[in-house]
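So the sequence lines, in the order shown, correspond to chains A, B and C. With numbering that gives the first Met the number 0 applied, the first sequence corresponds to residues 0 to 103, in that order. With numbering that gives the first Met the number 0 applied, the second sequence corresponds to residues 0 to 220, in that order. With numbering that gives the first Met the number 0 applied, the third sequence corresponds to residues 0 to 578, in that order. All C-beta atoms in this analysis are idealised placements derived from N, C-alpha and C, irrespective of residue type, glycine included. Worksheet for the structure shown next.
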Amino acid sequence: MSADNHTHHIATAKQLWTVGIALVILTLLTVVVSNLPIPSPLDIIVALSIALVKAFLVAAFFMGLYWDVKFNSMLLIGAVVFFILMVSVTLLDTLYRDDVVPSF
Amino acid sequence: MANHSATHPAHVQHHFVDSDQQFESAKMGMWVFLVNEILFFGGLFTAYIVFRAWYPDLFTQAAQELNKLWGGVNTIVLIGSSLTVAMAIRSAQKNQKRGLELNLLFTIILACVFLVIKYFEYEHKLHLGIAPGSFWNPTPEILAELSHPKANIFFSIYYVMTGIHGLHVLVGIGLMIWLYIRARKGHFSSEYYTPVEITGLYWHLVDLIWIFLFPLLYLIE
Amino acid sequence: MEAVKTSEKTTLQVKRFKPSENPTTNFFTEERGLKAWLTTVDHKKIGLMYLGAVAFFFALAGFLAIALRTELWTPAKTFIEADTYNKLFTLHGAMMVFFVLVPSIPAALGNFILPMQLGAKDVAFPRLNLASFYIYLIGAVFTFIALFMGGFDTGWTFYTPYSSDGDSATVIWVTLGVFILGFSSILTSTNFMTTIHKLRAPGITWDKLPLNIWALYATSIIQILATPVLAITILLLSLENIMDIGIFDPAKGGDPVLYQHFFWFYSHPAVYIMIVPGFGIISEVITTFSKKTIFGYWAIALSSLAIAFIGFLVWGHHMFTSGQSPVATTIFSFLTFLVGIPTGIKIFNWVATLYKGSIDMKTPMLYVFIFLFLFSIGGFTGIMLGALSVNIHLHDTYYVVAHFHYVMMGGTLMALLAGLHYWWPKMTGKMYNETLGKVAATLIFIGFNMTFLPQFVMGAQGMPRRYYNYIDQFTPFHQTSTVGSYVLGVAFLIILYYLVKSLMSDEKAPANPWESRGLEWQSTSPPDLHNFDHTPVVINKPYDYHRPMEEFQLGLAVEHNGHGEAHDVDVKETEQENS
Numbered sequence: 000m001s002a003d004n005h006t007h008h009i010a011t012a013k014q015l016w017t018v019g020i021a022l023v024i025l026t027l028l029t030v031v032v033s034n035l036p037i038p039s040p041l042d043i044i045v046a047l048s049i050a051l052v053k054a055f056l057v058a059a060f061f062m063g064l065y066w067d068v069k070f071n072s073m074l075l076i077g078a079v080v081f082f083i084l085m086v087s088v089t090l091l092d093t094l095y096r097d098d099v100v101p102s103f
Numbered sequence: 000m001a002n003h004s005a006t007h008p009a010h011v012q013h014h015f016v017d018s019d020q021q022f023e024s025a026k027m028g029m030w031v032f033l034v035n036e037i038l039f040f041g042g043l044f045t046a047y048i049v050f051r052a053w054y055p056d057l058f059t060q061a062a063q064e065l066n067k068l069w070g071g072v073n074t075i076v077l078i079g080s081s082l083t084v085a086m087a088i089r090s091a092q093k094n095q096k097r098g099l100e101l102n103l104l105f106t107i108i109l110a111c112v113f114l115v116i117k118y119f120e121y122e123h124k125l126h127l128g129i130a131p132g133s134f135w136n137p138t139p140e141i142l143a144e145l146s147h148p149k150a151n152i153f154f155s156i157y158y159v160m161t162g163i164h165g166l167h168v169l170v171g172i173g174l175m176i177w178l179y180i181r182a183r184k185g186h187f188s189s190e191y192y193t194p195v196e197i198t199g200l201y202w203h204l205v206d207l208i209w210i211f212l213f214p215l216l217y218l219i220e
Numbered sequence: 000m001e002a003v004k005t006s007e008k009t010t011l012q013v014k015r016f017k018p019s020e021n022p023t024t025n026f027f028t029e030e031r032g033l034k035a036w037l038t039t040v041d042h043k044k045i046g047l048m049y050l051g052a053v054a055f056f057f058a059l060a061g062f063l064a065i066a067l068r069t070e071l072w073t074p075a076k077t078f079i080e081a082d083t084y085n086k087l088f089t090l091h092g093a094m095m096v097f098f099v100l101v102p103s104i105p106a107a108l109g110n111f112i113l114p115m116q117l118g119a120k121d122v123a124f125p126r127l128n129l130a131s132f133y134i135y136l137i138g139a140v141f142t143f144i145a146l147f148m149g150g151f152d153t154g155w156t157f158y159t160p161y162s163s164d165g166d167s168a169t170v171i172w173v174t175l176g177v178f179i180l181g182f183s184s185i186l187t188s189t190n191f192m193t194t195i196h197k198l199r200a201p202g203i204t205w206d207k208l209p210l211n212i213w214a215l216y217a218t219s220i221i222q223i224l225a226t227p228v229l230a231i232t233i234l235l236l237s238l239e240n241i242m243d244i245g246i247f248d249p250a251k252g253g254d255p256v257l258y259q260h261f262f263w264f265y266s267h268p269a270v271y272i273m274i275v276p277g278f279g280i281i282s283e284v285i286t287t288f289s290k291k292t293i294f295g296y297w298a299i300a301l302s303s304l305a306i307a308f309i310g311f312l313v314w315g316h317h318m319f320t321s322g323q324s325p326v327a328t329t330i331f332s333f334l335t336f337l338v339g340i341p342t343g344i345k346i347f348n349w350v351a352t353l354y355k356g357s358i359d360m361k362t363p364m365l366y367v368f369i370f371l372f373l374f375s376i377g378g379f380t381g382i383m384l385g386a387l388s389v390n391i392h393l394h395d396t397y398y399v400v401a402h403f404h405y406v407m408m409g410g411t412l413m414a415l416l417a418g419l420h421y422w423w424p425k426m427t428g429k430m431y432n433e434t435l436g437k438v439a440a441t442l443i444f445i446g447f448n449m450t451f452l453p454q455f456v457m458g459a460q461g462m463p464r465r466y467y468n469y470i471d472q473f474t475p476f477h478q479t480s481t482v483g484s485y486v487l488g489v490a491f492l493i494i495l496y497y498l499v500k501s502l503m504s505d506e507k508a509p510a511n512p513w514e515s516r517g518l519e520w521q522s523t524s525p526p527d528l529h530n531f532d533h534t535p536v537v538i539n540k541p542y543d544y545h546r547p548m549e550e551f552q553l554g555l556a557v558e559h560n561g562h563g564e565a566h567d568v569d570v571k572e573t574e575q576e577n578s
């Protein structure tokens, strides 16, 4: 960790523009794909996969995680992991209930 | 600790040993804050997922009321602003004062464009009576399209998610203006650009959230 | 003179800095006056201000508890109306949880001790630290506004639909107060995490971190991951009250159980936010007063992190009777048993630390023993409550009330008292009366068990919690409990008396009255404004009581910029000179 302290990585303009353009293309792609007749669970998976790729590009290059100390990436991944835990454990209840919304 | 302060550049606070330690601390602190932000929005995404799993038809039906075109334009606007922020940091790192100012200015403009588009989207929906919570009062034609009995809940989620995101954009604009003023005064250089860097991180997170909001709200078929 | 950097280790020139017993200046004398206190960014002053505020709210909420217990003296009305009773127990719970237990150890003691144990001059973001204190106060103001608007009777959990229909104005105020408070703990934990990572003195590698720091680290992780979820929950609840958005309110098509999931995703980890810092204090005190290396350093350090992790997956055990799916209930019950394992690991390691130690029964150590006894009872009854079938019977009875008081008061508060007595001479430079300290500790032990042991029995026999009236058969239990609460009240007054008296006295405490090896004790009492007048260097593990004291009093011989670079490397080949 201490060794990289002195090198603040400077991304080149070309790198940043490439990432920016890739993000725009992916945005257009996700809109196009949403208009195709893809069956139900698959369309969500495709849309989320594209979003994940976009998120990866932003986090790795715009936010500089690719060049940064590993711990900051761990923080981001940790946050996502705990979010997934929260969703999946909540779904264990909401998906398997006898009554969807308990009535009183 | 007199011998300490003698070697300290002006921007380094007394409890740090050197500029790098301060920079790395600030950046880590910001990342920790972003963890907070992710779980803050995470709660909303959880509500979204739970309700979508319960009522898939509701989401397909209600999403038709959202305008894909303007949502897409806004996505590209935000991506553009992320790019200009990244360029602003690069300018600061390379001591390009003019570049830093210009890129911050572009960012502010793009963020404002985002909010203006958002405003017109809201305005259009409110006009049709598609309003959150107790203001829910759709016109008969709209009601015919939104036959699902829980349609109001989709729009509650929509308004809360985009509203809180919009609030973050607003805060971001404030921060960018603050950075712009400081940049004009020549506060930043390749030696010290910590505020630009960490505000940039915040701004990219706002972009990241929108990257997920867009397909989840607008692109449901 | 210079730091020679080899492949892995840095060699630093060090010399011994023996803390002065009679410091001419300290952090009290260097910045004086009310304005200096209110605008200070010094972590020690902020910690003390937090301590004062926490003590104030504790006194207030404790007074409410005594009023509630007095009301329960007779089965029918004693002196409070039923509606008032509902508001008072809500207030007691909300204040104790959000204003006392959550900030008590991290924000008050932790703020003071954490940078000192790391050999840092301050936390990483001192201004945010001060901001967190003011945010805490603003949150308190909001709650008081709700109080003056007529109070709220939702229970401290703000369950929908109790909180979404009825008198929504006061609920909005108090929930906004809690929302604001959340920012205060977020700022504190952000500060702690960054400080632990970036501001350690030379030589403090991860295996040399005091266990108190590990505990605060685990706490910070929980706070950072859980508090934002509380924030969004509270925000949605406020929106539910303001404009009926219908996510939680069943009348508008929402799901009240979803609210409970959201709420307990924060509030279950929050009980670990309250107890884990207490574990840290116990580890510190138990080694100091056993004069012995901690048994199972890594087991204790990592079990804190394990608790932090598993603690996130058990929230549903608060909801066994809420109508959640049987699948979820079963899994939550299983995970609840799991969380007992790391906690058990800690208890066994502490007991093993005592083995063949030279135990010195000073007041802080007395509280540690009280902690071990009470917390074990609290923990075991928690396991019982985690069992599905038993839970159906005991849910929402006094058994639950007794359980969480054994954990929260018998655990967190006893640890807080241990830490307060342990660090009191360091924080104030004054020593309290040891005899009175022991008397108060004994009274607390007696009073506590008198108050809460009968509640286990009542609960098992079916006395529901939060009830204003009860049937006659419970009268003796309730009356014993009430008397016990009075004994507790007296004991706390004694503590207040001798602590204040010690402040008034001229007698100074030595720099290291307990002969502790901890880094925070190698500074003067009270410490200098910048904690140490040198940069400390650490070569031993924090509990190496077999090493001579000199080796714990090292600092950089020459001030130079090597501090930051030496962070993650060992310090070796030290040359010692006497200062």
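Endpoints, alpha helix (DSSP H) assigned at residue i
i       : result
L212(B) : 193–212
K67(B)  : 67–92
K117(B) : 96–126
K437(C) : 433–459
K86(C)  : 81–93
Q259(C) : 255–287
L51(A)  : 39–56
P18(C)  : Premise fails: P18(C) is in no alpha helix (DSSP H) and is neither H nor E.
Extent of the continuous beta strand (DSSP E) run through residue i
i      : result
H49(B) : According to the sequence provided, residue 49(B) is Val. The question's His does not apply to it. Looking at the DSSP string, V49(B) is not in any beta strand (DSSP E); the run it does join, the alpha helix (DSSP H), is 18–53.
V13(C) : 13–15
Helix, strand or coil at residue i [DSSP, three-state]
i       : result
G51(C)  : helix
T481(C) : helix
P535(C) : strand
L553(C) : strand
K149(B) : coil
R181(B) : helix
P249(C) : helix
D527(C) : strand
K69(A)  : helix
W16(A)  : helix
P463(C) : strand
T77(C)  : coil
T89(A)  : helix
Sequence-distant residues of its chain with Cβ nearer than 6 Å to residue i (five each side left out)
i       : result
G150(C) : K86
G92(C)  : W155
Y91(B)  : The residue asked about is misnamed: residue 91(B) is Ala in this sequence, not Tyr. Excluding residues within five positions, the ones whose Cβ falls inside 6 Å are L99, F187, Y192, V195.
Given residue i as reference, the closest of the options once Cα atoms are compared
i       : options                            : result
T69(C)  : F57(C), Y84(C), A58(C)             : Y84(C)
N511(C) : T523(C), S504(C), L502(C)          : T523(C)
A52(B)  : G19(A), L51(A), Y95(A)             : Y95(A)
F451(C) : D471(C), G483(C), F374(C), A459(C) : G483(C)
T194(C) : S324(C), M408(C), L117(C), P255(C) : L117(C)
Within 8 Å, strictly: CB atoms of residue i and residue j
i       : j       : result
F141(C) : L175(C) : yes
F264(C) : M85(A)  : yes
T26(A)  : G42(B)  : no
L555(C) : V170(C) : no
V486(C) : M457(C) : no
G461(C) : T380(C) : no
L15(A)  : L82(B)  : yes
Cut-off 7 Å between Cβ atoms - residues of its own chain near residue i, not counting five sequence neighbours on either side
i       : result
D3(A)   : Low local confidence applies: a pLDDT of 42 at D3(A) is under 50, so the model's placement there is unreliable, with the coordinate-based value given in what follows. V68.
H104(A) : Residue 104(A) is absent from the structure shown; chain A starts at 0 and stops at 103.
Own chain residues within Cβ distance below 8 Å of residue i, not counting five before or after
i       : result
Q478(C) : W72
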